[in-house]
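*Asks:* Pasting a structure below so you can have a look.
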Amino acid sequence: MTKKIIAAVAFSVGVFFNGNSLNAQNAVTQEGEFGFGIGAGHYFGDLNTRARLNRAKIAGTIFFRKNMGNYIAVRIGATFAQLGYSDQYNTYNTVMYSRNLSFNSKVWELTLQGDFNFFRFMPGDPAYSFTPYITLGGGVFSYDPYAYLRGEKVPLRQEGTEGQNAGYEGRKPYSSMAICIPFGAGVKYAFNEKVNIAFEVLHRFTNTDYLDDVSKTYVDPAIFPLNQDGSISNAQLLHDRSYEIGEPMGIPGRARGMSRQKDQFVTAMIHLTFNLQSYKCPTVQK
């Protein structure tokens, strides 16, 4: 009889503490995540028409994600990406290769995105510690393409290489700011209730065709004023660089880029995030 009483008491105590533990766990709420990421970025546009991923450059991000439950979150983030490309990589196309244009640009971006988890995501619970997800949003970014001429870095936007500074055919200098629509997908895993890791690929559709400073047609070289010493200006030399490797091909009116297609870029990064939690006083089950 005594053994039965002891067993019953032990069982009751176990239920009591298990109940308290469960309630304590349920009292933890995952409010959001603060994180950073590092990886690579790549450009697609007039100099990379086949969307080749052969010249990736450094990229990084920091962000805050506010959870709206176990499936949906809203994210605000800031991203840096170094982008660039050159016609010298287009060996499959003799016209593009002979065009001989190139650019580099530092992109600074601010975005607001919505994230959707395919599975319930609850850090600290092994049954719900992994999920793939998709993300979609909007943002703005700054860019300022440049190229190297005689070993010196030359900002391309200020030069007006397609006649913008002269108002050629109504062309105006383009802005250093543009709008983007980021769309992507990723997978994330919770190491524990405090730390997560993720891998994400995020593609940006933009509203500019001047990420690479190449868009419309060649212009009449006469619109570029000479330097004070009578030498040819940087704008004229950078407008048509085919002369550096062969016969000049910059005939006025000939296509220099593809203005109907906007430039795009993508990043692929590994994220490390830290969960922000709130607590409620646990109640004792009766």
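The opening position of the sequence shown corresponds to residue 30 in our numbering, with each subsequent residue numbered one higher. Glycine included, every Cβ here is placed at the ideal spot set by N, Cα and C.
1) Between the alpha carbons of E60 and K95, how many angstroms are there, rounded?
2) Please check the pair G106 and K86, which I expect to be a contact at CB under 8 Å, by giving their CB distance rounded to whole angstroms.
3) Give, in chain order, every unbroken run of the beta strand (DSSP E) that is at least 3 residues long and sits entirely within the stretch 88-136.
4) Give me, in chain order, the residues of the same chain whose beta-carbon lies closer than 6 Å to that of Y239; leave out the 5 immediate sequence neighbours on both sides.
5) Apply the 10 Å Cβ neighbour rule to L267 and answer buried if 16 or more other Cβ atoms are within range, or exposed otherwise.
6) Need the endpoints of the alpha helix (DSSP H) that L267 sits in, please.
7) In chain order, which alpha helix (DSSP H) runs of at least 4 residues are fully inside the stretch 207-284?
8) Where does Q306 sit, in a helix, a strand or coil, going by DSSP?
9) How big is the Cα-Cα spacing for F147 and A219?
10) With DSSP as the reference, please indicate the residues paired to N146 in a beta bridge.
11) How big is the Cα-Cα spacing for K217 and R200?
12) Is the distance from the Cβ of S205 to the Cβ of R186 below 8 Å?
13) Just to confirm the assignment, what range does the beta strand (DSSP E) spanning D181 have?
14) Please check the pair H300 and A214, which I expect to be a contact at CB under 8 Å, by giving their CB distance rounded to whole angstroms.
15) Does the stretch 279-293 come close enough to the stretch 247-257 that 3 or more CB-CB pairs lie under 8 Å?
16) Determine whether the beta carbon atoms of S262 and P254 lie at a separation below 8 Å.
17) Any idea what DSSP makes of A195, helix, strand or coil?
18) Using the Cβ count rule (16 or more neighbours within 10 Å means buried), how would you classify F63?
19) If we ignore side chains and look at the alpha-carbon of each, how far apart do S158 and Q111 end up?
20) Do you know how far the Cα of D75 is from the Cα of V124?
21) CB-CB under 8 Å to G43, same chain, minus the five flanking residues each way: which ones, in chain order?
22) According to DSSP, is T296 helix, strand or coil?
23) Beta-carbon separation of N133 and D116 under 8 Å?
*Replies:* This is what the structure holds:
1) Straight-line Cα distance between these residues: approximately 6 Å.
2) With a Cβ gap of about 19 Å, G106 and K86 do not count as contacting.
3) The stretch 88-136 is shown to contain whole beta strand (DSSP E) runs of 3 or more residues at 101-115, in chain order.
4) Excluding sequence neighbours, Y239 sits near Y203.
5) Answer is buried; the Cβ neighbour count reaches 16.
6) If you look at L267, you'll find it in the alpha helix (DSSP H) that goes N263 to H268.
7) For the stretch 207-284, whole alpha helix (DSSP H) runs of length 4 or above, ordered along the chain, are 263-268.
8) DSSP places Q306 in the strand class (E or B) of the three-state scheme.
9) Each residue's Cα considered, the two are about 15 Å apart.
10) N146 is bridged by DSSP to Y162.
11) Looking at the two C-alpha atoms, the distance is approximately 46 Å.
12) Result yes, Cβ atoms of S205 and R186 sit closer than 8 Å.
13) Here residue 181 is Glu; the residue named in the question, Asp, does not match the sequence. Secondary structure note for E181: its beta strand (DSSP E) is the uninterrupted segment E181 to P184.
14) Cβ-Cβ separation between H300 and A214: approximately 13 Å, too far for a contact (criterion under 8 Å).
15) Put simply, the stretch 247-257 touches the stretch 279-293. At least three CB pairs are less than 8 Å apart.
16) In this structure, P254 lies closer than 8 Å to S262 by Cβ.
17) Helix at A195.
18) With fewer than 16 other Cβ atoms within 10 Å, it is exposed.
19) Roughly 33 Å between the two C-alpha positions.
20) Taking the straight line joining both Cα atoms gives about 12 Å.
21) Bear in mind that the predicted position of G43 carries a pLDDT of just 43, short of 50, making it unreliable; the figure below should be weighed with that in mind. Taken in chain order, the list of residues that qualify is empty.
22) Of the three classes helix, strand and coil, the one that applies to T296 here is strand, per DSSP.
23) 8 Å or more divides the Cβ of N133 from the Cβ of D116.
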